[in-house]
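Peer 1: Residue numbers (this note's numbering), protein chains in the order written: chain A, 380 to 630; chain B, 44 to 469. Just so you know, even glycine gets a beta-carbon here, dropped at the ideal spot from N, CA and C.
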Amino acid sequence: MTKLTARNVNVFYGDAHALKQVNLDIRQNEVTALIGPSGCGKSTFLRCLNRMNDLIEACRVEGNICLDGEDIYDPAVDLVYLRARIGMVFQKPNPFPKSVYDNVAYGPKIHGLASSRAEMDDIVTSSLERAGLFEEVKDRLGAPATGLSGGQQQRLCIARAIAVCPEIILMDEPCSALDPIATARIEALIDELKQNFTIVIVTHSMQQAARVSQRTAFFHLGDLVEVGDTDTVFTKPVDPRTESYISGHIG
Amino acid sequence: MIDRQSSPSETILASLPRRRRAEARFRIYGIAAIGIALAFLILLISAIGTQGIGAISQTEIALDVTLDESVLGLSDARDRETLSKANYRAVIRAALGDVFPEAVSARRDRRALMKLVSVGAGFELRNLVLEDPGLVGGTMRVWVPADDEVDMLMKGATARDSGRFSDKQLGWLDQLEEEGRIRSAFNWRFFTSGDSREPELAGILGAIAGSFFALITCLVLSFPLGVMTAIYLEEFAPRNRWTDLIEININNLAAVPSIVFGLLGLAIFLGFMGLTRSAPLVGGMVLALMTLPTVIIATRASLRAVPPSIREAAIGLGASRMQAMLHHTLPLAMPGIMTGTIIGMAQALGESAPLIMIGMVAFIVDMPQGLLDPASALPVQIYIWADSPERAFAEKTAAAIIVLLAFLIIMNLTAVILRRRFERRW
């Protein structure tokens with residue numbers, strides 16, 4: 380089932396044309412990987428999906444992006460509600476300089492998802508458990524989150540995102556600042572999470588895309604060159620640009 | 044082929060001594076510059092220190108006063124008003140007469156004798172009696188402040204043969220000293236009283252209170268206004284020609300001479316709005332105008348120093364812009380904002396020109412009790428005293444400068460400590 384559809388999406392940064400006529404469907408409970416060389420527009424596209432690009436003043440988005448058939452760029456759309464439905468995990472782990480507990484509790488708190496302290500405790504515990512972090516931090520929920528290791532911080536950010544119960548989680552190169560062991564843990568986590576969430580992940584690592592995703596979209600110089608099942612894209616790419624990228628000739 | 048006389052490495056080697064010399068020279072310049080600055084600082088502080096140290100002590104004269112009802116001019120009534128109107132000077136005169144019986148006969152001698160003690164002696168005696176009316180009728184020994192000229196003489200600031208004292212007066216002082224009736228005591232009056240025409244009675248508490256009230260007003264006005272302005276400009280305002288114009292104006296305002304703000308305050312707060320002259324409220328409002336740009340600039344810089352990733356994290360979770368600002372960015376920027384504000388306050392504390400413009404330069408003896416009482420301020424008090432002809436005011440001036448510097452150092456130190464304490468590495 381298609382969760383998100385992008386039709387004729389064009390993005391401009393001032394005069395620069397960053398994304399050109401992108402058409403892409405993102406299916407529910409699947410991991411979609413966006414790959415491509417630096418500056419190809421994959422992060423830009425990701426940030427269009429929860430309208431984080433709105434924060435950049437010079438940025439202009441054209442075209443249609445629909446979440447469950449509703450245009451998210453409609454003026455009537457409430458950004459707070461949209462971003463509660465589409466969570467985001469960033470490239471660099473960015474926990475708030477607060478306690479582990481407060482980090483996870485922040486989202487539910489501003490959205491009023493917990494009516495009591497006990498309920499909040501439940502949300503925090505289950506989110507940390509689903510992010511595979513609970514066992515490691517259960518004795519120091521009150522400790523500052525910035526004291527965790529990089530991999531733990533990133534899993535905390537994932538726990539923070541899923542605490543709001545979004546439908547989609549956007550991940551912008553979530554492992555680029557992590558070592559291989561932490562990366563493996565996050566990848567395993569992504570695989571588990573897809574049962575409950577729809578995930579879109581931007582990655583520089585083609586192996587990662589091959590390992591975690593069901594569908595892969597290859598971007599190059601602002602164009603969506605090719606999109607298909609991950610196996611097909613990596614084994615039988617249609618476009619010569621895709622082939623030379625995955626075989627290491629460009630990018 | 045390029046024709047070279049020597050190989051590149053030889054050229055580099057040859058240039059090394061020159062570069063090392065240049066570096067050594069540069070280091071020496073730096074050390075010399077710091078050395079000169081330090082020397083001047085030490086000179087300044089020691090000059091003020093040696094001058095001001097004298098104000099810590101005050102020469103006092105012991106008198107055995109008899110609080111005789113007839114001398115005081117008291118009838119039977121013992122209420123506060125009668126007591127405060129009694130003639131305490133006569134009691135002092137009588138007590139002096141007891142010590143020097145030979146000087147009582149001639150009117151001129153009596154006058155010369157009375158000049159040795161401060162005119163404030165009578166007031167201090169009155170305060171004693173008002174505190175304990177039972178003293179009336181009794182005899183006691185009190186230490187009263189000596190006149191400022193006597194004080195200067197005792198501290199060695201005036202020579203005996205300066206012509207300020209007659210031989211008779213010098214003789215009397217010698218006798219007082221022999222009898223152990225002269226002492227140098229801690230000058231608590233300097234820290235507990237307001238201004239006075241008499242240097243030996245003048246204190247800085249009134250000025251400190253005036254500065255305090257003005258600074259409180261300044262803080263209450265400039266902190267919230269400045270922080271809100273900065274938040275709006277940083278977070279919500281669109282970047283266009285108008286906000287650019289506002290930004291340039293704010294930066295310019297920070298460099299406007301303070302006297303201009305004083306004139307503005309005079310025209311608007313006093314002239315147009317008709318507020319009270321000489322009031323710390325108006326002084327604080329003028330200082331707030333002056334401090335606002337500093338607070339705005341410091342706040343914007345600290346807000347900008349908070350990594351955008353924190354804000355993005357909050358917004359990515361569905362926080363509104365205001366929630367992201369109030370829950371995350373602002374608290375993280377707070378130490379920087381406070382540091383900037385304290386430095387702004389320290390600037391305001393040292394400012395005299397705008398306060399002079401709105402009349403906080405008046406001679407005010409009474410302690411200001413609130414925002415609307417006429418008051419002076421520390422730097423203005425320094426200005427007033429520095430302008431006074433009496434020699435004894437020189438040391439008061441220096442002492443007041445020390446007090447002002449102490450406050451400034453405390454404030455700046457607090458700012459440094461805050462910055463160190465909450466400094467974050469991301």
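Taking only beta-carbon positions, decide if A:Gly486 is within less than 8 Å of chain B.
Peer 2: Indexing the first sequence from 1 puts residue 486 of chain A at position 107. Closer than 8 Å: yes.
Peer 1: Report the three-state DSSP secondary structure of A:Asp518 (helix, strand or coil).
Peer 2: Within the first sequence, the letter at position 139 stands for residue 518 of chain A. Coil at A:Asp518, not helix or strand.
Peer 1: Could you have a look at B:Ser50 and say whether DSSP puts it in helix, strand or coil?
Peer 2: By one-based count along the second sequence, residue 50 of chain B stands at place 7. In the structure shown, the three-state DSSP call for B:Ser50 is coil.
Peer 1: With a floor of 4 residues, list each alpha helix (DSSP H) that falls wholly inside the segment 474 to 509 of chain A, ordered by position along the chain.
Peer 2: 479 to 490 and 496 to 509
Peer 1: Where does the unbroken beta strand (DSSP E) through B:Asp416 begin, and where does it stop?
Peer 2: Reading the second sequence from its first residue, position 373 is the one you call residue 416 of chain B. Note, B:Asp416: premise wrong, no beta strand (DSSP E); not H, not E.
Peer 1: Based on the DSSP output, what are the partners of B:Ala228 in its beta bridges?
Peer 2: Indexing the second sequence from 1 puts residue 228 of chain B at position 185. DSSP, once it has assigned bridges, lists B:Gln101 as partnering B:Ala228.
Peer 1: Looking at chain A, which residues of the segment 59 to 70 of chain B have a Cβ within less than 7 Å of any of its Cβ atoms?
Peer 2: none
Peer 1: Near A:Phe391, which residues of its chain fall below 6 Å by C-beta distance, leaving aside the five closest residues on each side in sequence?
Peer 2: For the purposes of this step, residue 391 of chain A is taken as the residue at position 12 of the first sequence. Once the five neighbours on either side are set aside, the close Cβ partners of A:Phe391 are Arg439.
Peer 1: In this structure, what does DSSP give as the bridge partners for B:Trp186?
Peer 2: Here residue 186 of chain B refers to the residue found at position 143 of the second sequence. Per DSSP, B:Ala105.
Peer 1: Around the C-beta of A:Ile444, are 16 or more other C-beta atoms found within 10 angstroms, so that it is buried, or is it exposed?
Peer 2: Residue mapping note: residue 444 of chain A aligns to position 65 of the first sequence, counting from 1. A:Ile444 is buried by the Cβ-count criterion.
Peer 1: List the whole-angstrom C-beta distance separating A:Leu549 from A:Leu403, where the pair is believed to meet the contact cut-off of C-beta under 8 Å.
Peer 2: Walking along the first sequence from the start, residue 549 of chain A turns up at place 170. Walking along the first sequence from the start, residue 403 of chain A turns up at place 24. About 13 Å separates the two Cβ atoms, so there is no contact after all.
Peer 1: Cutting at 7 Å between CB atoms, please list the residues of its own chain near B:Arg463, excluding the five before and the five after it.
Peer 2: As a first step, residue 463 of chain B must be located in the second sequence, where it is residue number 420. Once the five neighbours on either side are set aside, B:Arg463 has no close Cβ partner at all.
Peer 1: With a CB to CB cut of under 6 Å and the five nearest residues on each side skipped, what residues in its chain are close to B:Trp469?
Peer 2: Position 426 of the second sequence, counting from 1, holds the residue named residue 469 of chain B. For B:Trp469, the pLDDT reaches just 49, beneath the cut-off of 50, and the residue's location in the model is therefore unreliable, although a value from the coordinates is still provided. For B:Trp469, where only same-chain residues beyond five positions count, the Cβ hits under 6 Å are Pro350.
Peer 1: Check whether the Cβ of A:His490 lies closer than 8 Å to any Cβ atom in chain B.
Peer 2: Here residue 490 of chain A refers to the residue found at position 111 when the first sequence is read from its first residue. Judged by the 8 Å Cβ criterion, A:His490 is in contact with chain B.
Peer 1: For A:Val388 and A:Thr562, what's the separation of their Cα atoms in angstroms?
Peer 2: Residue 388 of chain A sits at position 9 when you count from the first residue of the first sequence. Residue 562 of chain A sits at position 183 when you count from the first residue of the first sequence. So the alpha carbons of these two residues sit roughly 31 Å apart.
Peer 1: With three or more beta-carbon pairs closer than 8 Å as the criterion, would you say the segment 159 to 172 of chain B touches the segment 130 to 138 of chain B?
Peer 2: yes
Peer 1: Tell me, please, which residues DSSP counts as bridged to A:Ala385.
Peer 2: In the first sequence, the residue the question calls residue 385 of chain A occupies position 6. Answer is A:Leu403 and A:Ile444.
Peer 1: In three-state terms, what does DSSP make of A:Glu552?
Peer 2: The count along the first sequence starts at 1 and reaches residue 552 of chain A at position 173. It is coil, neither helix nor strand.
Peer 1: Is B:Asp107 closer than 8 Å to B:Asp141 when the C-beta atoms are compared?
Peer 2: Here residue 141 of chain B corresponds to residue number 98 of the second sequence, with the count starting at 1. Here residue 107 of chain B corresponds to residue number 64 of the second sequence, with the count starting at 1. Closer than 8 Å, so yes.
Peer 1: Quick one: which unbroken alpha helix (DSSP H) runs of 4-plus residues sit fully inside the segment 259 to 337 of chain B? Chain order, please.
Peer 2: 284 to 296 and 301 to 308
Peer 1: In this structure, how does DSSP classify B:Trp469 when only helix, strand and coil are distinguished?
Peer 2: Taking the first residue of the second sequence as 1, we reach residue 469 of chain B at position 426. Bear in mind that a pLDDT of 49 at B:Trp469, under 50, signals an unreliable position, so the number given afterwards is only what the model happens to contain. Here B:Trp469 sits in coil by DSSP.
Peer 1: Is A:Cys544 helix, strand or coil when you go by DSSP?
Peer 2: Position 165 of the first sequence, counted from the start, is the residue given in the question as residue 544 of chain A. A:Cys544: coil per DSSP, three-state reduction.
Peer 1: Using Cβ-Cβ distances below 7 Å, what residues of the segment 346 to 357 of chain B are close to chain A?
Peer 2: Ser352, Ile353, Glu355 and Ala356
Peer 1: Along the alpha helix (DSSP H) that carries B:Leu21, what are the first and last residues, could you check?
Peer 2: Past the boundaries of the shown model lies residue 21 of chain B; chain B is included only from 44 to 469, so the question cannot be answered.
Peer 1: Buried or exposed: where does B:Ala407 fall if 16 or more other Cβ atoms within 10 Å of its Cβ makes it buried?
Peer 2: Here residue 407 of chain B refers to the residue found at position 364 when the second sequence is read from its first residue. The displayed chain sequence assigns Ile, not Ala, to residue 407 of chain B. The residue in question, B:Ile407, is buried, as its Cβ has 16 or more Cβ neighbours within 10 Å.
Peer 1: For the alpha helix (DSSP H) holding B:Met381, just list the boundary residues, first then last.
Peer 2: The count along the second sequence starts at 1 and reaches residue 381 of chain B at position 338. Element bounds for B:Met381: Leu373 to Leu392.
Peer 1: Which of the three DSSP states is assigned to B:Gly140 in this structure?
Peer 2: Locating residue 140 of chain B in the second sequence gives position 97, counting from the first residue. It is helical.
Peer 1: Using the C-alpha atoms, what's the distance from A:Thr525 back to B:Ala348?
Peer 2: Along the second sequence, one-based indexing puts residue 348 of chain B at 305. Along the first sequence, one-based indexing puts residue 525 of chain A at 146. Computed Cα separation, rounded: 18 Å.
Peer 1: For a contact meaning CB atoms closer than 7 Å, what does B:Ser395 contact in chain A?
Peer 2: The residue you call residue 395 of chain B lines up with position 352 of the second sequence. Within chain A, no residue comes near B:Ser395; the closest Cβ sits about 42 Å away, beyond 7 Å.
Peer 1: Put B:Ile460 into one of helix, strand or coil per three-state DSSP.
Peer 2: Position 417 of the second sequence, counting from 1, holds the residue named residue 460 of chain B. The answer is helix: DSSP assigns B:Ile460 an H, G or I state.
Peer 1: In chain B, what lies closer than 8 Å to A:Arg539 by C-beta?
Peer 2: To locate residue 539 of chain A, count along the first sequence from 1; it is residue 160. Within 8 Å Cβ-Cβ: Ala356 and Leu360.
Peer 1: Could you tell me the distance, in whole angstroms, from the CA atom of A:Thr582 to the CA atom of A:Glu552?
Peer 2: Here residue 582 of chain A refers to the residue found at position 203 when the first sequence is read from its first residue. Here residue 552 of chain A refers to the residue found at position 173 when the first sequence is read from its first residue. C-alpha separation (whole angstroms): 5 Å.
Peer 1: Mapping the DSSP letters down to three states, classify A:Phe424 as helix, strand or coil.
Peer 2: Position 45 of the first sequence holds residue 424 of chain A. A:Phe424: helix per DSSP, three-state reduction.
Peer 1: Using a Cβ cut-off of 7 Å, which residues of the segment 491 to 516 of chain A contact any Cβ in chain B, in chain order?
Peer 2: Going along the segment 491 to 516 of chain A in chain order, one finds no residue with a Cβ nearer than 7 Å to chain B.
Peer 1: Counting only the same chain and skipping the five closest in sequence on each side, list residues whose C-beta sits under 6 Å from that of A:Thr384.
Peer 2: Counting from 1 along the first sequence, the entry for residue 384 of chain A is found at position 5. Contacts found: Asp404 and Cys445.
Peer 1: Can you tell me where the beta strand (DSSP E) holding A:Arg365 begins and where it ends?
Peer 2: Past the boundaries of the shown model lies residue 365 of chain A; chain A is included only from 380 to 630, so the question cannot be answered.
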